Structures are given as C-alpha cells and as structure tokens.
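Visitor:
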Amino acid sequence: MNDSPESSLVAPALLLELPAADRLAPAPPEFRQSRFHRLADRWSHLVFLACSLLVVALIGGILFFLAARGLAAFLPLTGNTGRTLSFAEVFLSTDWAPSSDHFGILPFLGGSLAVTGLALLLAAPTGILTGVFIAKLAPSWMRSLMRQVMDLLVGIPSVVYGIFGLTIILPLVSHSFLKDAPASGFAISAMILSVMIVPTIVSLATDAFEGLPLSLDEGSQALGSSRWQAIWHVLIPAARPRLLTACVLGLGRAIGEAMAVQMVIGNNPQWIALMREFTDRAPFLRALFTPAATLTTELVQELPNTPTGSPWNNVLFAMGLLLYLLTMVLILATRRFGRNEVA
Amino acid sequence: MRAIATLRSPSRAKHVDKFMRGVLWVIALGFILVLAVFVGAILHQGWPVLRLDFLTRMPETLEAGGGIKPQIFNSIYLVLLSLGLSLPIGLGAGVYMAEYAGKGRTLNFFRLCIETLAATPSIVLALFGMIVFVQTLGWSFSIRSGALTLALLNIPVITRVTEVSLMSVPRELKEASYGLGATKLQTILKVALPYAATGILTGLVLTAGRAFGESAILVFTAGTNTSAIFPDFRLTVPGETLSVHLWYVTSDGTLPDAREIAAGTAAVMILVLLILNLSVRFLDRAIRRRTR
Amino acid sequence: MLSPKTPETKPVKLSVKDVAFSYGEKKILDALTLDIHAERVTAIIGPSGCGKSTFLKCFNRIHEVTTAVKVSGDMLIDGVDIYKGGIDEIDLRRRVGMVFQKPNPFPKSIYENVAFGPRLFGVNDKVTLDVLVEDALRKAALWDEVKDRLKESASGMSGGQQQRLCIARALAVGPEVLLMDEPCSALDPIATSKIEELIMELKESLTIVIVTHNMQQAARVSDYTAFFWLGRLVEMDLTERIFTTPRERMTEDYITGRFG
C-alpha cells in the first residue's frame, strides 16, 4: 500500500499550490449569510429549550400547587378554617362524613380501584385480542375499519359517554335486572369506562404485535403449530412487556376519568355500608349496581360546594394530589416494563 | 418448546384455532356494533331537538325551549384560544426534542415529562388551573382561566406529534438544505417543518377534537355560565362550552327540558366529532399520497 | 481529458494531509493524503464501504449535522483549513456544493427548488431570482426541458431530470467545488450520459469530485482517479495512467474486475 504524497501525485502540483492562508476570499455579496440569520441560528435553540423546560416546569408546578393545597389539611396553617387532620384519619379510614368531621377517603380510593379494576378486566383481554386481530389476522379492509372505529371511540367526549350511560344503559339495566329500581354504580361505570379505554389498549397492543419480528411468527408456524397456537404461546408472551404498558396506560386513563363516571355511578360515598346491606339481602347482581363514588367523582361533585380552607376542601385537593401521584407512579412503571423489554 | 407440547392432538388444535379466530372476529365486530349503537342512539335521541332555532337561541335558565348558541361560540372560542396558546409551545418543545436534544438522558427526561403531562387526568389539570388562575390570580371562572388550563391538555399532544412528524423528515432533504449553506434554523423552518406540516396539522385537528370534548377542566376554570351578550369576546367572562352545558343541565336539573337539551347537545358534539375525523382521514390520505 | 504528456496547469483547490475519520471507535479512513486540482474532475473509486462517501461529506462538513464522524488531520480549501477557526461552515457548504446518491429535490416547485439557495441568503427580489434560477437551470442543461413548467412540482420529473435539478439547485448559490456522491447510481443509461456530459461542461468553471462505483464512468469523465480500499488510499494518479498502467497490483485487479 502506498499513500505518500510524492508517489501518489505525478503532476507538478507544488509549483501551483497556493500559500497557506488564514481565511478564504470573501463570498460574493449576494451569497453572504446575513448577520441576522447567524444570530438567529446561534440563539434560537434557547427558545426551543425554553418550551421544553416549560413542560418540565408544569410537571413541577402542578405538583407544587396541588401539594400546597392538599397537604394544607395536615398542617396548622393560618388559612385553614377547621382543625388539622392526621394522615391516618384521612388515608386509613373508611369513615367519610364531612358534616360530622370524618374525612376518611378510603371509600373513594376503593371505589376508584374497583371501577378501574372492573373496567380493565373487561378492556384488557378484549383490547389485547383486538390488537392481535388487527395486527395478525384481520384482512386489510377490516384492519382499516377497526382503526377508524377505535379513532372514533377515543374521540367521543366523556360527557357524551356519560349521557349515553345515563339515558340508555341505566334505564335498560333498571328495567331488565332491577325490577325498575333506579340503577347506577360500579358495573355500569366500568362498562362505559372499558369502552373509553379500549382504544388506548388496542392501539398500543397493535403496535406491540406489529413490532414483533416476523421470524417469531413464522418460526412457530413452521413447527406446525396453528395460527392461534402461535399467537397464544409465542406472540402474546413475546409482546408481554408492551402489552403491560398498554394496560397500565389504559388503567391511568380509567382512574383519571371523571365526568362520564360521575354521571352514572350514583355518587354515594357511603357505598360500603349500602353494598353490605345489598349482599346480606342476597342478590349479588344488586351489589354490582350499588351507587358508589370514586376519587374523581367526589371531586367533581363536591369541590364547588366546599369553602376554601376548610378541612373538607383541603382533603378534596389531597385526593387530587393522590391522583397525580398515582399517574406519576404508573408512568414510571411503564418505563420499568420498557427496560425489561430491552434486557 | 411449549408450542409443540400442545400439539398432541392436531385435530383438536385445529378446532381450537377455528374457534378462537371466530372469537376474535366476534370481539372486533362487537366493538363496531358498540360504536354503531352508540352513535346511532345519540343521533336518534338528538335528532328531534336539532332544529335551527336550537342552535341559534340563547339558553333558558328555568323554562323550556332554550338554545345553545353561546355554548357553540364558547366551545369554538376556547378551542381556538387554547390551540393558539399551546401551538407555539408544543411546536417549540417538539422541535427541541426532535432536532436539538440529542439521544441521551436529556431527551429521555423530557420525554418522561411529556408522557406524564399527557397522562395527567384532566380533573388534576382542572384543580391546578383552579388554584392558579381562578383563585391565586383572581381571574375567577373565565374564558382566560379556561383557555390557559385547556392549553395544558393540548401541549403534550402537540409536542409529541411535532416530534414524531419531524423525525419522519427524510435525512436527504435536510442534507440538501445544509449543503446549500442553510443554517440549522433555516433548515428546520424552511425544510423540516413544511415537510412535517401535514402530520402536525393532523395532530392539531385531533387535539382540537379533544379540547372540544373536554369538560372536567372547564367546569372548574371556565365555569357553568355564559355571558348574556352574544358574541362576547371578552376573556374575563365565564364561558360554558357545549360539553360543560351537556353535563350541567343533566346534573343540575332545574330545566324542564334538560333531557332534550342534553340529547341535542350530544348529537351536535357527535356530528362535530365525525366531521373532525373525516378531515383527519382526508389529511392522512394527503400525507400518504405525497410519500408515495 | 488531461493526459500524462501535458503538464498540470491548474492550482490545487482541495488538499488533504494525513486525514483520518472515525465513527465512534471504528476507523473509517486512515492516513489519507491527496491533492485535488481546480477545474478538474477527480473520481474516487473503490468497493462499497471503503469510506468514499464519508470522505466526500467531510469536505463540506455536512457529516457534522447528520452523523457522528470525527475528523483528524488537515483538510484545506484554497490553503485554508476547513476545520480550524476562521472558517465558517455555513459559507463553506455554499462554496462546496453537494449532489447526493438519490435525487433529493424538495417537495416544492421546480422554480422554488432552485431559488431555495439564493433565498437563504436574503435574495427575495423577483427579477434577481428569475435571473439566478434561469442561469442555474441553463448551466444544468435543464432550462429547455422545464422552462414552461417552472411552477410544477419537482416530484413529477423523471429521475434524471430530478438529479439535474439538484445540480442546478447547487449551482444557484455559486459554488466553487461540486461534490457528487454516486450521482448516477439511481439513473438509467441515457440519464447517466446526460449527467456525464454535464460534468464535462461544468468542469470548465468548477472543481468536481465524484464518487462512483462505475469504472467506465470514472474513465469517461475524470482527469484524476483515486482508488480507495478498506479505508486507505491505494493509489491516485491521472485517470489515463490508472486505467492503463497502474503502479499497484491491487488497483489493476480492481479495475479489471478481479476483485471481491
């Protein structure tokens, strides 16, 4: 190999070579980049950075203001009008009776978890299976039809879901199961919620299955397994981390949904006692339609009715803070699944 | 391999396969049915109410026969204001993440924040807006409180869609621009963003749809009343939107024809949603035609 | 074409001294030294993956915005080191134009594609722009074909026309050097020969460096040819000599097809 300058170039270049210079001859005036553009280019990224930092600041700001109001319940602040509460009597008590000075929020937390859990129980399997269907089995016309259906389902406003539940499902349930007694409660909220969160799960699950290497699918079918066996034994396990993420994000949507649930759930903070009564009198079905309440519905229901600075009002903000912290935990959880996937 | 273990009886496997395919079809068709029943029922209920004077009359507070004219105006006004507030910020943040943040921890952290904001329940944003705008700044229930809080809902969506659309700009186009002596800013403004514009526009339409349907935020920031003047462009007056109106008339119960008004309002919202979805489909097709 | 008998009369435009490129830990090119003369066509040949394209991109520092290639050594244009202070990469990229492997017109009209460059530098006057656009399109031998449809989208043109449009676009900002990265690899033979003719015309006023994997093309259009192999410069000489009497055995093997 030969790369010395003498042998690589025969032409008498040295004679014609220009002396080394510090700068080039200036560009012709019509092709000179203006000072404005140079300065703009140098500093513009700060504008973009500021926009991103604003988002970070918002995350922190929301936490700060919610904590300031939510934690006020537990601190002897001058703005408070009632007594200072303890963490235990708020977070570990099922006794909610603000008028008689009891502020246990477990009924709402329990209500939220029950409704969300039920909704996920309905939405996760159907959503994941629909994801498989769209990604692996459906003919292309069906695929695009399903995409449009999901786009529409996710776009329908929550109050419209609420009014549908209120004017169509509630009377229907009341008529067919409850001998025309008024219906409301967990089961109906969960049904509506499941339809609301299913598009999230379907779209993430579809992405998860489409992201799998084709070889997985082909490999297991080459071994003679049926399409379904390939899906059940190979594809679903392989996509598990991302399916989990899909479910967690669906869960996040469900737990934070306020209006639709508020319109159909019945808004009864004393649902635990009522449900006990129903189950004692036997019909399990009736218990499913116990009017209940969740963190979000109680906020919507009572926030406009409570004076600022009262323990009641402060506890409502503490419930908001709890919802926000739950969101953060769920998002961090999806990050963990993501990491497992890489490993 | 587990797949082999289940193969003991091939004919049984075949039956299971057939059965499960059937189940998947049923589930998928079930969702289509749910949507059809849903949209059908809402439109069916609302149709008798949907007369022109329903759309063009002022609402009543105690008597029947009120319209939804100011709510329609407020919905559009608030959506436009909130988009105007969130678009520059979302665009800026999206540009930063796609073009400047690199690929390391910074980007990851910003993404985490965007995801968190996107997943934050709207009732939590409502509380934030209520504390900051309604109470601390003393703006009470007003268009400006509502628009600013609603913008918080839009920002993460616009950021994400900007980032994704910019990522899809072909490298060759950027190189061509740099190769002609463009600065990075010129390349972003003159090549990357115009190329990404259709994608961003699609995202904007979807964001508008979401903001249009949002109610929890606005109940606590824009309020449940409307100005007596029409059209009232002042930012300091309360601005009840269609979605808030729909919720309020059903939960308040002072109106004798609350049911009809709710049904009509829901039908209007569904129609708007269908129109927005159609325009998204149209934009999508435009994008696909260009990439081909 | 320059023959061994006529002495070189043109000055050195680009000069590379002991340059190495690395991508992360991986060395792409090493110990590279060569000179490129003004108003000549220099072809760079070699098997794919030998670092030819990277080498080209380093001349206008475009790799800095899209990849993470590190450069060491001296790369000079008119005797000025393009990686040292005192040079402005924005102006450098204008002086050193580039034509890419795949035609990459902007999704705009034909006119706007060519006007894009001048507009960057604040030329917005319609009359000036018209002159610049027509001039560039003429130089790229495209004017007669497109003068009646300047407002039409560039994506409706044939591949060869698109590539000539990209050349016109580069010419519109008054470059001194034109880097061409396998400009004909996506084109049919007729379009290719048009581009080759264009190269022969353009070298009257420009320094052209062309990367190609097509040996005949190198032989047809270039005055000098450099042969790269596995990240090294094996040999550089007058094209005529490279294709008739190469000094290195490896060069001969590559040119005659006994390779790979």
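Residue numbers (my numbering), protein chains in the order written: chain W, 2 to 344; chain G, 3 to 294; chain X, 24 to 283.
The beta carbon of each residue, even a glycine, is placed where N, CA and C say it ideally should be.
Since the structure is predicted, the reported quantities are computational estimates derived from the model, not experimental observations.
So, is D101/X buried or exposed, given that buried needs 16 or more other C-beta atoms within 10 angstroms?
Guide: Buried.
Visitor: In this structure, does DSSP put A210/G in helix, strand or coil?
Guide: DSSP places A210/G in helix when its eight states are reduced to three.
Visitor: Is A28/W helix, strand or coil by DSSP?
Guide: In this structure, A28/W counts as coil in the three-state DSSP scheme.
Visitor: Which word fits E165/G, buried or exposed, when buried means at least 16 other C-beta atoms lie within 10 angstroms of its C-beta?
Guide: Buried, by the Cβ-count rule.
Visitor: I'd like to know whether the C-beta of Q34/W is nearer than 8 Å to at least one C-beta of chain X.
Guide: Answer yes: the Cβ-Cβ gap between Q34/W and chain X drops below 8 Å somewhere.
Visitor: Measuring straight from C-alpha to C-alpha, what distance separates G92/G and A51/W?
Guide: When rounded, the distance between both Cα atoms is 11 Å.
Visitor: Give, in chain order, every residue of the region 47–74 of chain G whose Cβ lies closer than 7 Å to some Cβ of chain X.
Guide: Listed by position along the chain: nothing, the set is empty.
Visitor: If you reduce the DSSP assignment to three classes, tell me which class R241/W lands in.
Guide: Three-state DSSP puts R241/W in a helix.
Visitor: Looking at the unbroken beta strand (DSSP E) that takes in K36/X, where does it start and where does it end?
Guide: First-last of the beta strand (DSSP E) with K36/X: V35 to Y46.
Visitor: Any beta-carbon of chain X closer than 8 Å to the one on R24/W?
Guide: For R24/W, the answer is yes, since a Cβ of chain X falls inside 8 Å of its Cβ.
Visitor: Select from L205/W, F178/W and G111/W the residue whose C-alpha is nearest the C-alpha of L286/W.
Guide: That would be F178/W, whose Cα lies nearest to the Cα of L286/W.
Visitor: Evaluate A274/W with the Cβ neighbour count: other Cβ atoms within 10 Å of its Cβ, from every protein chain shown; 16 or more gives buried, anything less gives exposed.
Guide: Burial call: exposed.
Visitor: Could you please tell me which residues of the region 33–54 of chain W, in chain order, have their CB closer than 8 Å to any CB of chain G?
Guide: Residues Q34, H38, R39, A41, D42, S45, H46, V48, F49, L50, A51, C52 and S53.
Visitor: Give me the Cα-Cα distance between A271/G and S245/G, rounded to the nearest whole angstrom.
Guide: The sequence given here places Met at residue 271/G; Ala does not occur at that position. The straight-line gap from Cα to Cα measures roughly 8 Å.
Visitor: Does any CB atom of chain W fall closer than 8 Å to the CB of R23/G?
Guide: So, interface residue.
Visitor: Any idea if G109/X is buried or exposed, counting beta-carbon neighbours within 10 angstroms, 16 or more meaning buried?
Guide: So G109/X ends up on the exposed side.
Visitor: I need the boundaries of the beta strand (DSSP E) containing H46/W, first residue and last residue.
Guide: From DSSP, H46/W is part of no beta strand (DSSP E) but of the alpha helix (DSSP H) over R36 to G71.
Visitor: Take V196/W as the anchor and find which of A69/W, L67/W and V262/W has the nearest alpha-carbon.
Guide: Ranking the options by Cα distance to V196/W, first place goes to V262/W.
Visitor: Just to confirm, are V159/G and V207/G a CB contact at a threshold of 8 Å?
Guide: No, the pair does not count as a contact, with Cβ atoms beyond the cut-off.
Visitor: The beta strand (DSSP E) spanning F250/X covers which residue range?
Guide: Residues Y247 to W252.
Visitor: Using a C-beta to C-beta distance shorter than 7 Å, which residues of chain W count as neighbours of D254/G?
Guide: Ordered by position in chain W, no residue passes the 7 Å Cβ test against D254/G, which lies about 11 Å from the chain.
Visitor: With a floor of 4 residues, list each alpha helix (DSSP H) that falls wholly inside the region 161–203 of chain X, ordered by position along the chain.
Guide: DSSP runs (the alpha helix (DSSP H)) wholly in the region 161–203 of chain X: 166–169 and 182–194.
Visitor: For D181/W, which residues in the same chain have their Cβ closer than 8 Å to its Cβ, ignoring the five residues on either side in sequence?
Guide: Taken in chain order, the residues that qualify are S175.
Visitor: Report buried or exposed for H247/G, applying the criterion of at least 16 other Cβ atoms within 10 angstroms of its Cβ.
Guide: By the neighbour-count rule (16 or more Cβ atoms within 10 Å), H247/G is buried.
Visitor: Could you list which residues in chain G have their beta carbon closer than 7 Å to that of T127/W, in chain order?
Guide: Those are I29, listed as they occur along chain G.
Visitor: Measuring straight from C-alpha to C-alpha, what distance separates I189/W and V265/W?
Guide: About 7 Å.
Visitor: Strictly under 8 Å for the Cβ-Cβ distance: is T151/G near chain X by that measure?
Guide: Taking Cβ atoms only, chain X never reaches closer than 8 Å to T151/G, which makes this a no.
Visitor: Mind checking the region 172–186 of chain G against chain X and listing, in chain order, the residues whose C-beta falls within less than 8 Å of any C-beta there?
Guide: Hits within the stretch, in order: P172, R173, E174, L175, K176, E177, A178, S179, Y180, G181, L182, G183, A184, T185 and K186.
Visitor: Tell me whether the beta-carbon of F232/G lies closer than 8 Å to the beta-carbon of M60/G.
Guide: It is a contact, given that the beta carbons lie within the stated cut-off.
Visitor: Taking only the alpha-carbon atoms, compute the straight-line gap between D158/X and H38/W and give it to the nearest angstrom.
Guide: Looking at the two C-alpha atoms, the distance is approximately 26 Å.
Visitor: Name, please, each residue of chain W whose Cβ falls closer than 7 Å to the Cβ of W141/G.
Guide: Within chain W, no residue comes near W141/G; the closest Cβ sits about 15 Å away, beyond 7 Å.
Visitor: Between L237/G and G211/G, what straight-line distance do the alpha-carbon atoms span, to the nearest angstrom?
Guide: Answer to the nearest angstrom: the Cα atoms are 22 Å apart.
Visitor: If you reduce the DSSP assignment to three classes, tell me which class I277/G lands in.
Guide: Helix.
Visitor: Under a CB-based cut-off of 8 Å, is M197/W close to chain G?
Guide: Cβ-Cβ to chain G under 8 Å: no for M197/W.
Visitor: Mind listing which residues of the region 190–208 of chain G have their C-beta closer than 9 Å to chain X's C-betas, in chain order?
Guide: Listed by position, the residues of the region 190–208 of chain G near chain X (Cβ gap below 9 Å) are K192, V193, P196 and Y197.
Visitor: What distance in whole Å lies between the Cβ atoms of L182/G and R117/X, which are believed to be in contact at a cut-off of 8 Å?
Guide: About 7 Å separates the two Cβ atoms, so the contact holds.
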